[in-house]
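Just below is one structure, and these are the notes that go with it.
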Amino acid sequence: MSKLETDLGHFTNSKLEVDLDLCTKCGSCVRECPLRLYHVRGEKLVVSRAADILCMECGHCVAVCPVNAIKLKKFPLDQVIEISKDFKIPSYDSLMNSIMARRSVRQFKKDPVPEDLWNKLLEAGRYSPTGHNDQLVHFTIVRNQERLKQFSDEVTQGFIDLVALYKDKSKFKEFKKTIPKPALNILKDLIIPGFPIMLKGMEQGEDFWRWNGELIIIHASKKTTTLIEDCSIAASHIMLAAKLLGLGTCSLGIATFALNVVENVKKLVNLPKHHIVGYTLAVGIPQVKYYRIPPRQPAKVTWL
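Numbering-wise (our numbering), the sequence shown opens with residue 92 and increments by one.
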(Lines of atoms letter the chains of each structure in order from A and count residues from 1; the text may use other names and numbers.)
(Lines give C-alpha, C1' and ligand atoms only; values in the text may rest on other atoms or scores of the structure.)
Protein backbone atom coordinates (compact mmCIF):
# COMPACT_ATOMS: atom_id res chain seq x y z
CA MET A 1 0.00 0.00 0.00
CA SER A 2 2.69 2.48 -0.97
CA LYS A 3 1.83 6.01 -1.95
CA LEU A 4 0.93 6.61 -5.55
CA GLU A 5 3.52 8.68 -7.39
CA THR A 6 3.65 9.79 -11.03
CA ASP A 7 7.10 8.36 -11.68
CA LEU A 8 5.78 4.82 -11.25
CA GLY A 9 3.84 4.98 -14.54
CA HIS A 10 0.97 2.89 -13.18
CA PHE A 11 -0.72 2.51 -9.81
CA THR A 12 -2.96 -0.22 -8.52
CA ASN A 13 -4.30 -1.33 -5.17
CA SER A 14 -7.22 -3.56 -4.21
CA LYS A 15 -9.77 -1.01 -5.45
CA LEU A 16 -8.18 1.44 -7.89
CA GLU A 17 -6.11 1.58 -11.03
CA VAL A 18 -4.57 4.83 -12.25
CA ASP A 19 -2.81 5.36 -15.56
CA LEU A 20 -0.11 7.81 -14.53
CA ASP A 21 0.93 8.46 -18.11
CA LEU A 22 -2.55 9.84 -18.80
CA CYS A 23 -2.83 11.73 -15.49
CA THR A 24 -2.39 15.50 -15.99
CA LYS A 25 -2.27 16.37 -12.27
CA CYS A 26 -5.23 18.71 -12.80
CA GLY A 27 -6.39 18.11 -9.22
CA SER A 28 -9.99 17.24 -10.10
CA CYS A 29 -9.84 13.96 -8.17
CA VAL A 30 -8.19 15.74 -5.23
CA ARG A 31 -11.07 18.19 -4.92
CA GLU A 32 -13.81 15.65 -5.64
CA CYS A 33 -12.89 12.70 -3.41
CA PRO A 34 -15.19 12.89 -0.35
CA LEU A 35 -12.57 11.14 1.80
CA ARG A 36 -9.68 13.24 0.47
CA LEU A 37 -7.64 10.22 -0.56
CA TYR A 38 -5.90 11.97 -3.48
CA HIS A 39 -3.20 14.64 -3.21
CA VAL A 40 -0.99 16.52 -5.67
CA ARG A 41 2.43 17.28 -4.25
CA GLY A 42 4.57 19.27 -6.59
CA GLU A 43 4.51 17.34 -9.86
CA LYS A 44 3.35 14.11 -8.23
CA LEU A 45 -0.11 12.64 -7.69
CA VAL A 46 -0.29 10.80 -4.37
CA VAL A 47 -2.98 8.47 -3.06
CA SER A 48 -3.30 7.94 0.67
CA ARG A 49 -2.11 4.61 2.05
CA ALA A 50 -5.55 4.35 3.63
CA ALA A 51 -7.25 4.15 0.22
CA ASP A 52 -7.20 0.35 0.33
CA ILE A 53 -9.43 0.49 3.39
CA LEU A 54 -11.28 3.81 3.23
CA CYS A 55 -12.14 4.06 -0.47
CA MET A 56 -15.88 3.39 -0.76
CA GLU A 57 -15.74 2.98 -4.54
CA CYS A 58 -18.24 5.78 -5.10
CA GLY A 59 -16.70 6.51 -8.50
CA HIS A 60 -16.49 10.29 -8.10
CA CYS A 61 -12.84 10.22 -9.14
CA VAL A 62 -13.75 8.15 -12.20
CA ALA A 63 -16.56 10.53 -13.12
CA VAL A 64 -14.54 13.73 -12.74
CA CYS A 65 -11.26 12.72 -14.41
CA PRO A 66 -11.13 14.54 -17.77
CA VAL A 67 -8.72 12.02 -19.34
CA ASN A 68 -10.27 8.79 -17.98
CA ALA A 69 -7.11 7.86 -16.09
CA ILE A 70 -8.82 6.30 -13.05
CA LYS A 71 -10.69 3.00 -12.97
CA LEU A 72 -12.47 1.02 -10.29
CA LYS A 73 -11.21 -2.57 -10.34
CA LYS A 74 -14.54 -3.87 -9.11
CA PHE A 75 -16.36 -3.03 -12.35
CA PRO A 76 -15.67 -3.89 -16.02
CA LEU A 77 -14.71 -0.96 -18.23
CA ASP A 78 -17.81 -1.38 -20.40
CA GLN A 79 -19.98 -0.42 -17.42
CA VAL A 80 -18.59 3.12 -17.45
CA ILE A 81 -20.96 5.43 -19.35
CA GLU A 82 -19.56 8.49 -21.08
CA ILE A 83 -21.54 11.71 -20.64
CA SER A 84 -21.22 13.04 -24.18
CA LYS A 85 -23.04 15.78 -26.07
CA ASP A 86 -25.55 13.15 -27.17
CA PHE A 87 -26.29 12.13 -23.57
CA LYS A 88 -29.84 13.38 -23.01
CA ILE A 89 -30.67 15.09 -19.73
CA PRO A 90 -34.23 16.46 -19.37
CA SER A 91 -34.80 20.15 -18.78
CA TYR A 92 -35.98 21.39 -15.40
CA ASP A 93 -39.45 22.09 -16.81
CA SER A 94 -39.66 18.60 -18.30
CA LEU A 95 -38.62 17.01 -15.02
CA MET A 96 -41.05 19.15 -13.00
CA ASN A 97 -43.91 18.24 -15.33
CA SER A 98 -43.19 14.57 -14.67
CA ILE A 99 -42.97 15.11 -10.92
CA MET A 100 -46.23 17.08 -10.78
CA ALA A 101 -48.12 14.69 -13.06
CA ARG A 102 -47.19 11.60 -11.03
CA ARG A 103 -50.04 10.36 -8.87
CA SER A 104 -50.71 7.39 -6.61
CA VAL A 105 -52.61 4.93 -8.80
CA ARG A 106 -55.13 2.57 -7.21
CA GLN A 107 -56.86 1.34 -10.36
CA PHE A 108 -54.85 -1.05 -12.50
CA LYS A 109 -55.65 -3.05 -15.62
CA LYS A 110 -55.42 -6.83 -15.43
CA ASP A 111 -52.62 -6.83 -18.02
CA PRO A 112 -49.24 -7.75 -16.50
CA VAL A 113 -46.37 -5.28 -16.45
CA PRO A 114 -44.03 -6.27 -19.33
CA GLU A 115 -40.69 -7.67 -18.18
CA ASP A 116 -38.70 -5.10 -20.16
CA LEU A 117 -40.44 -2.30 -18.25
CA TRP A 118 -39.68 -4.02 -14.96
CA ASN A 119 -36.02 -4.10 -15.96
CA LYS A 120 -36.11 -0.37 -16.67
CA LEU A 121 -37.64 0.30 -13.25
CA LEU A 122 -34.88 -1.76 -11.65
CA GLU A 123 -32.27 0.33 -13.47
CA ALA A 124 -33.84 3.47 -11.99
CA GLY A 125 -33.64 1.91 -8.54
CA ARG A 126 -30.11 0.62 -9.08
CA TYR A 127 -28.82 4.10 -9.87
CA SER A 128 -30.37 5.71 -6.80
CA PRO A 129 -27.87 7.08 -4.27
CA THR A 130 -27.17 5.21 -1.03
CA GLY A 131 -25.49 6.23 2.21
CA HIS A 132 -21.72 5.66 2.10
CA ASN A 133 -22.23 4.21 -1.40
CA ASP A 134 -23.15 0.93 0.31
CA GLN A 135 -25.45 -0.17 -2.54
CA LEU A 136 -27.03 -2.77 -0.26
CA VAL A 137 -30.62 -2.27 -1.40
CA HIS A 138 -32.42 -5.43 -2.55
CA PHE A 139 -35.51 -5.64 -4.77
CA THR A 140 -38.09 -8.42 -4.59
CA ILE A 141 -40.66 -8.37 -7.39
CA VAL A 142 -43.89 -10.34 -7.05
CA ARG A 143 -45.60 -10.88 -10.42
CA ASN A 144 -47.17 -14.32 -10.07
CA GLN A 145 -50.93 -13.83 -9.68
CA GLU A 146 -51.39 -16.80 -7.37
CA ARG A 147 -48.66 -15.54 -5.05
CA LEU A 148 -50.06 -12.00 -5.19
CA LYS A 149 -53.45 -13.32 -4.06
CA GLN A 150 -51.72 -15.31 -1.31
CA PHE A 151 -49.95 -12.12 -0.26
CA SER A 152 -53.23 -10.25 0.15
CA ASP A 153 -54.82 -13.19 1.99
CA GLU A 154 -51.86 -13.54 4.38
CA VAL A 155 -51.83 -9.80 5.12
CA THR A 156 -55.56 -9.91 5.89
CA GLN A 157 -55.18 -12.94 8.19
CA GLY A 158 -52.14 -11.38 9.83
CA PHE A 159 -54.11 -8.26 10.68
CA ILE A 160 -57.05 -10.31 11.98
CA ASP A 161 -54.58 -11.99 14.35
CA LEU A 162 -53.00 -8.66 15.33
CA VAL A 163 -56.36 -7.08 16.13
CA ALA A 164 -57.18 -10.06 18.34
CA LEU A 165 -53.76 -9.81 19.97
CA TYR A 166 -54.28 -6.08 20.57
CA LYS A 167 -57.40 -6.84 22.58
CA ASP A 168 -55.45 -9.18 24.87
CA LYS A 169 -53.58 -6.62 26.97
CA SER A 170 -51.12 -9.01 28.59
CA LYS A 171 -50.08 -10.66 25.30
CA PHE A 172 -49.93 -7.35 23.45
CA LYS A 173 -47.69 -5.89 26.14
CA GLU A 174 -45.11 -8.54 25.33
CA PHE A 175 -45.66 -8.36 21.58
CA LYS A 176 -45.08 -4.61 21.29
CA LYS A 177 -41.57 -5.09 22.69
CA THR A 178 -40.69 -7.01 19.53
CA ILE A 179 -41.54 -4.37 16.91
CA PRO A 180 -40.06 -0.90 16.23
CA LYS A 181 -41.92 2.13 17.58
CA PRO A 182 -42.87 3.46 14.11
CA ALA A 183 -44.48 0.10 13.31
CA LEU A 184 -46.27 0.15 16.65
CA ASN A 185 -47.66 3.61 15.86
CA ILE A 186 -48.97 2.40 12.49
CA LEU A 187 -50.66 -0.52 14.21
CA LYS A 188 -52.31 1.61 16.92
CA ASP A 189 -53.17 4.70 14.86
CA LEU A 190 -54.09 3.21 11.48
CA ILE A 191 -54.58 -0.54 11.37
CA ILE A 192 -56.56 -1.07 14.58
CA PRO A 193 -59.11 1.73 14.01
CA GLY A 194 -59.31 1.30 10.22
CA PHE A 195 -59.22 -2.47 9.88
CA PRO A 196 -62.99 -3.12 10.10
CA ILE A 197 -63.59 -0.82 7.11
CA MET A 198 -60.65 -2.33 5.21
CA LEU A 199 -61.82 -5.88 5.93
CA LYS A 200 -65.31 -5.08 4.67
CA GLY A 201 -63.79 -3.67 1.48
CA MET A 202 -61.61 -6.77 1.05
CA GLU A 203 -64.70 -8.98 1.35
CA GLN A 204 -66.25 -6.96 -1.48
CA GLY A 205 -63.20 -7.51 -3.70
CA GLU A 206 -61.28 -4.30 -2.99
CA ASP A 207 -57.63 -5.00 -2.24
CA PHE A 208 -56.40 -2.31 0.17
CA TRP A 209 -53.00 -3.96 0.58
CA ARG A 210 -51.81 -3.74 -3.03
CA TRP A 211 -54.76 -2.38 -5.08
CA ASN A 212 -54.54 -5.45 -7.35
CA GLY A 213 -51.15 -4.35 -8.65
CA GLU A 214 -47.90 -6.26 -8.86
CA LEU A 215 -45.36 -5.63 -6.09
CA ILE A 216 -41.84 -4.37 -5.74
CA ILE A 217 -40.51 -4.81 -2.21
CA ILE A 218 -37.42 -2.75 -1.40
CA HIS A 219 -35.36 -4.04 1.51
CA ALA A 220 -31.88 -4.27 2.99
CA SER A 221 -29.95 -5.82 5.85
CA LYS A 222 -30.94 -4.36 9.20
CA LYS A 223 -27.25 -3.51 9.66
CA THR A 224 -27.47 -0.97 6.83
CA THR A 225 -27.00 2.39 8.53
CA THR A 226 -29.23 4.33 6.12
CA LEU A 227 -31.73 1.57 5.35
CA ILE A 228 -34.95 3.61 5.31
CA GLU A 229 -33.35 6.49 3.43
CA ASP A 230 -31.80 4.21 0.80
CA CYS A 231 -35.01 2.27 0.19
CA SER A 232 -37.12 5.43 0.07
CA ILE A 233 -34.85 7.15 -2.45
CA ALA A 234 -34.87 4.03 -4.64
CA ALA A 235 -38.67 3.97 -4.46
CA SER A 236 -38.83 7.64 -5.45
CA HIS A 237 -36.67 7.00 -8.52
CA ILE A 238 -38.82 4.00 -9.46
CA MET A 239 -42.06 5.95 -9.08
CA LEU A 240 -40.82 8.71 -11.38
CA ALA A 241 -39.46 6.23 -13.93
CA ALA A 242 -42.77 4.35 -13.88
CA LYS A 243 -44.64 7.53 -14.74
CA LEU A 244 -42.39 8.13 -17.74
CA LEU A 245 -42.92 4.52 -18.89
CA GLY A 246 -46.71 4.79 -18.78
CA LEU A 247 -47.01 2.78 -15.57
CA GLY A 248 -48.68 3.63 -12.29
CA THR A 249 -47.44 3.11 -8.74
CA CYS A 250 -48.81 3.38 -5.24
CA SER A 251 -46.87 3.48 -1.98
CA LEU A 252 -47.95 0.67 0.35
CA GLY A 253 -47.17 1.63 3.93
CA ILE A 254 -49.50 -0.97 5.41
CA ALA A 255 -48.00 -3.72 3.25
CA THR A 256 -44.54 -2.62 4.39
CA PHE A 257 -45.72 -2.97 7.98
CA ALA A 258 -47.03 -6.48 7.30
CA LEU A 259 -43.79 -7.50 5.60
CA ASN A 260 -41.84 -6.50 8.68
CA VAL A 261 -44.21 -7.89 11.31
CA VAL A 262 -46.31 -10.80 9.97
CA GLU A 263 -44.17 -13.95 9.74
CA ASN A 264 -46.28 -15.71 7.09
CA VAL A 265 -46.03 -12.67 4.83
CA LYS A 266 -42.24 -12.59 5.23
CA LYS A 267 -42.00 -16.29 4.34
CA LEU A 268 -44.27 -15.91 1.32
CA VAL A 269 -41.87 -13.46 -0.37
CA ASN A 270 -38.71 -15.20 0.89
CA LEU A 271 -37.57 -12.14 2.82
CA PRO A 272 -34.12 -12.83 4.34
CA LYS A 273 -34.32 -13.09 8.14
CA HIS A 274 -31.85 -10.27 8.72
CA HIS A 275 -33.59 -7.87 6.30
CA ILE A 276 -36.01 -5.02 6.96
CA VAL A 277 -38.40 -3.73 4.31
CA GLY A 278 -37.98 0.00 3.83
CA TYR A 279 -40.56 0.58 1.10
CA THR A 280 -43.17 -1.30 -0.92
CA LEU A 281 -44.85 -0.23 -4.15
CA ALA A 282 -47.79 -1.50 -6.14
CA VAL A 283 -46.98 -1.32 -9.85
CA GLY A 284 -49.28 -1.77 -12.82
CA ILE A 285 -50.78 -0.38 -15.99
CA PRO A 286 -53.17 2.43 -14.99
CA GLN A 287 -56.86 1.98 -15.66
CA VAL A 288 -57.52 5.63 -14.90
CA LYS A 289 -56.54 8.84 -16.71
CA TYR A 290 -55.86 12.09 -14.86
CA TYR A 291 -56.77 15.35 -16.57
CA ARG A 292 -55.34 17.93 -14.22
CA ILE A 293 -52.85 18.47 -11.40
CA PRO A 294 -54.57 19.36 -8.11
CA PRO A 295 -53.10 22.19 -6.01
CA ARG A 296 -50.78 21.59 -3.10
CA GLN A 297 -50.02 23.58 0.01
CA PRO A 298 -47.13 26.05 -0.19
CA ALA A 299 -43.72 24.69 0.75
CA LYS A 300 -43.00 25.00 4.45
CA VAL A 301 -39.61 26.70 4.36
CA THR A 302 -37.31 28.35 6.86
CA TRP A 303 -34.67 30.60 5.26
CA LEU A 304 -31.59 31.30 7.36
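Even glycine gets a Cβ: it sits at the ideal position worked out from N, Cα and C.
query = Near Val353, what residues of its chain come up, given a Cβ to Cβ distance below 6 Å and the 5 sequence neighbours on each side ignored?
reply = Gly249
inquiry  = For Gly285 and Lys201, I'd like the C-alpha separation in whole angstroms.
reply    = 27 Å
request  = Could you check how far apart the C-beta atoms of Ala346 and Arg301 are, in whole angstroms? I think they sit under 8 Å.
outcome  = 6 Å
request  = On a CA-only basis, which of Asp169, Tyr129, Cys322, Phe299 is nearest Val109? Give me that one, please.
outcome  = Tyr129
ask   = When you compare only the Cα positions, how much space is there between Ile174 and Ala390?
value = 33 Å
key: Inter-residue spacing [alpha-carbon to alpha-carbon] between Val356 and Ala349   = 7 Å
message = If you measure between the beta carbons of Leu336 and Leu208, is that distance less than 7 Å?
response = yes
message = Mapping the DSSP letters down to three states, classify Lys179 as helix, strand or coil.
response = coil
task = For Val121, collect the residues of the same chain with a Cβ closer than 7 Å to its Cβ; drop the 5 residues on either side in sequence, then sort them by chain order.
result = Tyr129, His130, Val131
key: C-alpha gap between Val86 and Asn351, whole angstroms   = The structure shown does not extend to residue 86, since the chain is modelled only from 92 to 395, so the question has no answer here.
ask   = Could you give the distance in angstroms between the alpha-carbon of Glu214 and the alpha-carbon of Cys114?
value = 32 Å
key: Every unbroken beta strand (DSSP E) inside the region 256-341 [3 residues or more]   = 305-312
message = Please list the terminal residues of the continuous alpha helix (DSSP H) segment that includes Leu145.
response = 142-145
task = Would you kindly check if the distance between the Cβ of His328 and the Cβ of Ser219 is under 7 Å?
result = yes
ask   = What separation, rounded to the nearest whole angstrom, lies between the Cα atoms of Leu343 and Asp259?
value = 27 Å
ask   = What residue range is occupied by the uninterrupted beta strand (DSSP E) comprising Thr371?
value = 366-375
request  = With DSSP collapsed to three states, give me the class of Arg132.
outcome  = strand
ask   = Is Thr231 helix, strand or coil when you go by DSSP?
value = strand
ask   = Should Ala141 be labelled buried (16 or more other beta-carbon atoms within 10 Å of its own) or exposed?
value = exposed
ask   = What is the residue span of the alpha helix (DSSP H) that Val109 lies within?
value = Where Val109 is concerned, there is no enclosing alpha helix (DSSP H), although the beta strand (DSSP E) it sits in stretches over 107-110.
query = Which stretch, first to last residue, makes up the alpha helix (DSSP H) that contains Ile345?
reply = 344-352
task = For the beta strand (DSSP E) holding Lys162, just list the boundary residues, first then last.
result = 161-163
message = Less than 7 Å between the C-beta atoms of Val374 and Val204, yes or no?
response = yes
inquiry  = How far does the alpha helix (DSSP H) with His151 in it extend, from its first residue to its last?
reply    = 151-155
query = How would you write the range of the beta strand (DSSP E) that Thr103 sits in, first residue to last?
reply = 101-103
Distance CB(Ser126)-CB(Leu111) smaller than 7 Å = According to the sequence displayed, residue 126 carries Leu and not Ser. Result no, Cβ atoms of Leu126 and Leu111 do not sit closer than 7 Å.
request  = Flag this pair as yes or no: are the beta carbons of Lys262 and Leu256 separated by less than 7 Å?
outcome  = yes
ask   = DSSP puts Ser195 in a beta bridge; with which residues?
value = Thr340
key: Alpha-carbon to alpha-carbon, Arg193 and Phe199   = 15 Å
request  = Classify Leu168 as buried or exposed, calling it buried when 16 or more other Cβ atoms lie within 10 Å of its own Cβ.
outcome  = exposed
ask   = Do you know offhand how far Lys106's Cα is from Ala154's?
value = 15 Å
key: Neighbour-count burial assignment, His223, 16 or more Cβ in a 10 Å radius   = exposed
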